[in-house]
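One structure is given below, encoded as structure tokens.
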Amino acid sequence: MPPTSTRSTLRRGVGVVAQGVREQPRWFALAVLGSTVYGIMTGLMAWAIGWCTSTIVIPAVAARSVTAGQLWTIAGVIVGVVTVNVAGIILRRTAAGFAMYNLGAAYRRRVTRQYLDLPLRWHHKHPSGQLLSNANADVEATWNIFAPLPMALGVVVMLLFGAVQMFVVDPVLAAVGMVVFPLLFLANAVFQRRMSPLVTRAQQLRAEVSEVAHESFEAALVVKSMGREDQEARRFAEAAYTLRDANILVGRTRGTFDPAIESIPTIGTLTVIAVGAWRAGQGALSAAEVVQIAYLFSVLAFPVRAFGWVLGELPRSVVGWDRVDAVLQATGAMTYGKTDLPAREATTLEARRLEFAYEIDLPEGGTELSPAIRDVTVTVPAGATVALVGPTGSGKTTLTNLLLRLVDPDSGQVLLDDVDLRTVRHGGVAEVAALVPQQTFMFEDTIRDNVTLGGRHTDDEVWEALRVSQARRFVRTLPDGLDTRVGERGTNLSGGQRQRIALARAVVRRPQLLILDDATSAVDPSVEQEILSALRRVSRATTVLLVAYRMATIALADEIIYVEEGQVRGHGSHVSLLASCPGYAALVSAYAREAADRAAVAADEEADADVDAADADAVTDSVADAVADEQVDT
Amino acid sequence: MSRFEPLADHSGISSGGDLTAWQTIRRGAEISPELTKGIGFTVVLAVLSTLGRVLVPFVVQRTTDEGILAPGGPDEGRVLLWVAVALAGVVVTALSAYAVNVRLYTASESGLATLRLTAFRHIHDLSMLTQNTERRGSLVSRVTSDVDTISAFVQFGGLMLIISVGQIVLATGLMLVYSPALAAVVWGCFVPLFFLIRHFQGVVGRAYTRVRQRVGEMLGAISEAVVGAATIRAYGIEQRTAARIDAAVEAHRKEAVGAQVRAVVAFTAGQFVSGLTTAVVLVVGTVLAVRGDVSVGTLLAFLFLVNLFTMPVQQATEILNEMQNAVAGWRRVIGIIDTPADVADPRAAGVELPRGPITVGFESVSFAYPGGEPVLHEVTLDIAPRARIAVVGETGSGKSTLAKLLTRLMDPTDGRVLVDGVDLRRIRFSSLRARVVLVPQEGFLFDASLLDNIRFGRPEATEDQVRLALTELGLDEWAAGLPLGLDTAVGQRGESLSAGERQLVAIVRAYLADPDLLVLDEATSAVDPSTEVRVQRALDSLTRGRTSVAIAHRLSTAEAADEVVVVDAGRIVERGPHRELVANGGVYAALHASWAAQQQA
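Here the protein sequences come in this chain order: R and H. Everything in the first sequence is counted per our numbering, starting at 116 for the first residue and increasing by one. Everything in the second sequence is counted per our numbering, starting at 120 for the first residue and increasing by one.
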């Protein structure tokens, strides 16, 4: 680490502090005020004891009598100073607490605002464990410095006061102070320079431990069902041990510097005594003055450590700030226009020459663009129902995300009722269009709120939406009905139940454009059928785009768009596509062909069974052969 | 069945709230033996460094009295001698403080790494249902931030506590030498403080427990903005989500400030009592001095000692703040470690099953989720080795529950599940998990390459073996079509792949693990039909020799199975080959008719 980085840590640390002070000036000022009171009162305590001793105790002892009034004076003076001192401490620490936690809360709000504003593309590039750590641990690390800071600032005043005293008493002893205190500062600076990279590393590793744990616990079911607990424990141990070693290194460095930094003022005090004895021998100053300065050194020694605490927090604070600031400075938040989308029965959807590529991180570093959507142009007329069909991984979900502007295309444009989505005001698209994604997300909330998402819908409307999505029956059997809480990510519900709630979420909004991304993949075929026919009834006027695999769903569509490898390979009616588009034909008739093949194999099997009913193995072999034959045929 | 814990007892993770602070620390030391290993020598070193600390002011006083203020002018030789002694003391203090620091860091970091690992491992050992009672985020905080608060205490607070106690003992000894009466006065003033500290320990401790709960809730709220990013955007509910986060952040801020105020009051109470003590000592000391019981010099020396005594007591109250935080965190971690793993591995006592075709038996198996209605009623079912079974039924019929009982993710409330005639609860996990593998509907993918995800269940598999598995399942073309083939990074939770692709990876992963019983729970629900049929066929021809149970709502799977088991409302209502059931005209025939109709368009 070049020395400039220490200076820059210091400089940037001061910058972070200044930022905090700017945002919480009142609480900070109160904390400093409290700290000043504490500083003054700590000094006054020594004075009060001295005053009591010289004006009351010694005369009383000499006189061999003491009055109750004198005793009350002693008690009153000492208790008075202590009370004000304690008030100062309460003020300092409470106000510092307010400043610190207010800042923490403010930055958590800002960071999470960014999470809400930044595009999905950004989210995909940042592990969620890291984002959680940015909003929690890093924010905390940034503002923890406000705990020792007010005290340290009080100490600055104390030090200045002490320096003046020293110069007034004796320039030579003051020179000792001028050596010792800068030395103390230098030691602290060297300490910080060594610590900074170590602390940065430890913090980074702490985040990594958190990421491993997060991922592993999310994968708990897979880990358990494949019996990979030991393997996961090893993976976690690797991260935890690396963190342990990094922390021990931090401790070793701190262990080296702390005692050294602590002993500097003591050595200073001893030097003052040695030099003072020599100066007193010369008659340059009185013994009492030597004692006074020595006392001053020992009094200042402890509070000066508050400085060390601040300097110790500084690198942590700077690192935390860097990580928080990276989120706050992240750009690419979607910009919005001011246009409203027209309110009408159904919306016309049009996509023109869309291109979209994902950024792929190469193992050897660097990135590569992997096109996911290539030159896609589609039109869905108002009120039409269009099916989007294509094999697994052909880009259907990416396309639905583009169509509702969850993601912006690299080029091309999406128009709803001839309005470019990029000119629509924030929230405008969601008001007219609803997407039911393949992967449902449940909020840790009640069923009702998971359907309304805070919108103003009556319970009747919610029940009606649940009826359409065929969720009414199971919601009715839940202990608290609509008020049942679904647990984190809806863990209390099955996949099919979650999908039906997610569908109701879209239906209750009576959208002008409804996009269903294989939204019924986890429900039973019979239920799926009921959902689709109910949907057909309520969405007669609505424009519907559905991603579909199965005939039941495809049959709802007026028109079909077939995509493969991110390109539109055909569109038209089911019948015309069957004829013109072999990929489409293979996909939609797979089950039927399979059933036919089974029937054929079964027929063979029966024939074989007639020949040799006892030899079961032969039967299975023949099935295998038959299947192999079929595979060759297809 | 009395050997097995009743199911109703097994929900929820202990918060460890019933442990006292002392019990928590003792249990913590038990879990992490590194913390107490060699602690004796560390304490000796800490006492040594404390001695040095006390020596220095003592020497300063001696120098002043006997050197500078010596009768007949400053005695420079004497001053230098004392200064040299003091310097030696400083060196000893510094060296022992260094050693204490290093030892404490090494011991605490090693101990806490052990604590982290123990908790992490135990979380994976907890049953699926227990895991689901807790937020994932809060599970994470138990192996991360909770442990970090302990380390802060053990490294700084713990050391300070040792030094403080040493200083209190030392100061008390010196006070007794100077004046037993005044020593009694000092202790008399501090006894109420000790009670006050105990009281505040409770108050501050509860406050920090609440803070930690708020942290958990806050993380939960924030994680919605991260994990639910797509849904939030699709529904334009950024503002609502923001409001929810703000409420959680604000609740945390309030609780944190509240805890801070309580801790400050607890700390300043110590400060205040020590000030009062000084006043009382001065007043009582004056009376004693007037009576001639003590000299003025002794009284002044005593004030110095009171400081030497009150400072550590105050420091101890300061540490209380940290300790409460740490104990609250520790308690939570211990709570998780001490939560019994109710679906437990019998380990060495368990049975090791030989590899080979597997027989499955359900013996009047019933199951109810904790606090819920039974979802399976006395299910009895035998599955022959090498059989390919399809379990069909409506959503909520209990078919997924069957899969979870069969793979021992849960234990039945009543009855037994047998594999090769052995109760699942008696089979060693290492043996069970190698032989029985479940492919869930949403198979989680790790943020790693496709290759590493596929060999998750069998890390020693070579790249060629992975390629072979892909080829055998007819997925080689799909894998080659990904941007970097097998090296493609699948992203967080596999998000760079589509839901259907993630299911394909989960299937290859299970296939490569080569189990004797493969349980597929709606494993191809998001895969396109032609790929599904291709994979299904491959599995059928390749799973020959192994038993397979497929939970399916697409009846294409049922058509291919040897036997179909129809579940309705927690009971098996029909069972037999596809064609027979269709011919029988029962529940299955109806299901199939509707399915077939859907395929025709």
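Every residue, glycine too, gets a C-beta built ideally from N, C-alpha and C. Owing to the predicted nature of the structure, the values given are computational and were not obtained by experimental measurement.
Three-state secondary structure (DSSP) of residue i
| i | result |
| --- | --- |
| A472(R) | strand |
| A509(H) | strand |
| Y354(H) | coil |
| I477(H) | coil |
| H689(R) | helix |
| T499(H) | strand |
| T676(H) | helix |
| A728(R) | Residue placement at A728(R) is poorly supported in this model, since its pLDDT is 49, which falls under 50; the coordinates still yield a value, given next. Here A728(R) sits in coil by DSSP. |
| L557(H) | strand |
| F527(R) | A quick correction: the sequence has Gly, not Phe, at residue 527(R). The answer is strand: DSSP assigns G527(R) an E or B state. |
| P531(H) | coil |
| D687(H) | strand |
| P493(H) | strand |
| E693(H) | strand |
| S260(H) | helix |
Candidates the options: closest to residue i by CA position
| i | options | result |
| --- | --- | --- |
| G292(H) | L472(H), L603(H) and L427(H) | L427(H) |
| V380(H) | I204(R), I164(R) and C167(R) | I204(R) |
| I155(R) | A466(R), P380(R), V270(R) and Q134(R) | V270(R) |
| L464(R) | R367(R), I630(R) and A487(R) | I630(R) |
| S342(H) | G698(R), F556(R), I379(R) and S688(R) | F556(R) |
| R261(H) | K156(H), V415(H) and R450(H) | R450(H) |
| G685(R) | A502(R), D719(R), L536(R) and S641(R) | A502(R) |
| T446(R) | I646(R), S325(R), V491(R) and Q229(R) | Q229(R) |
| G355(H) | Y216(R), A667(R), H541(R) and G130(R) | H541(R) |
| T607(H) | R577(H), A567(H), A642(H) and T581(H) | A567(H) |
| F275(H) | G370(R), S584(R), A375(R) and K339(R) | G370(R) |
| L601(H) | D490(R), R127(R), G681(R) and S432(R) | G681(R) |
| P640(R) | V305(H), P311(H) and L710(H) | L710(H) |
| W141(H) | I453(H), V304(H) and L418(H) | I453(H) |
According to DSSP, residues forming a beta bridge with residue i
| i | result |
| --- | --- |
| L503(R) | V662(R) and I676(R) |
| A549(R) | L629(R) |
| T454(R) | V539(R) |
| T666(H) | L636(H) |
| V683(R) | V678(R) |
| E483(R) | I475(R) |
| R600(R) | T561(R) |
| D542(H) | L537(H) |
Environment of residue i [buried if 16+ CB atoms lie within 10 Å]
| i | result |
| --- | --- |
| V176(R) | buried |
| T513(R) | buried |
| P478(R) | exposed |
| T161(H) | buried |
| D501(H) | exposed |
| T520(H) | buried |
| L320(R) | buried |
| D253(R) | buried |
| G321(H) | exposed |
| A467(H) | exposed |
| D345(R) | exposed |
Open item on the list: For the stretch 469-480 of chain H against the stretch 624-643 of chain H, do three or more pairs of beta-carbon atoms, one drawn from each stretch, fall closer than 8 Å, so that the two count as touching?
Closed with: yes
- [ ] Decide if the stretch 687-706 of chain H is in contact with the stretch 537-550 of chain H; the criterion is three or more beta carbon pairs, one per stretch, under 8 Å apart.
- [x] no
TODO: Report yes or no: do three or more beta-carbon pairs, one from the stretch 334-350 of chain H and one from the stretch 229-248 of chain R, lie closer than 8 Å?
DONE: yes
Open item on the list: Check whether the stretch 249-264 of chain R and the stretch 383-403 of chain H are in contact - that is, three or more C-beta pairs closer than 8 Å.
Closed with: no
Task: Stretch-stretch touch, CB-based, cutoff 8 Å, three pairs: the stretch 325-340 of chain H with the stretch 526-535 of chain R - done: no
- [ ] Assess, as a yes-or-no matter, whether the stretch 306-313 of chain R is touched by the stretch 423-433 of chain R under the definition of 3 or more beta carbon pairs within less than 8 Å.
- [x] yes
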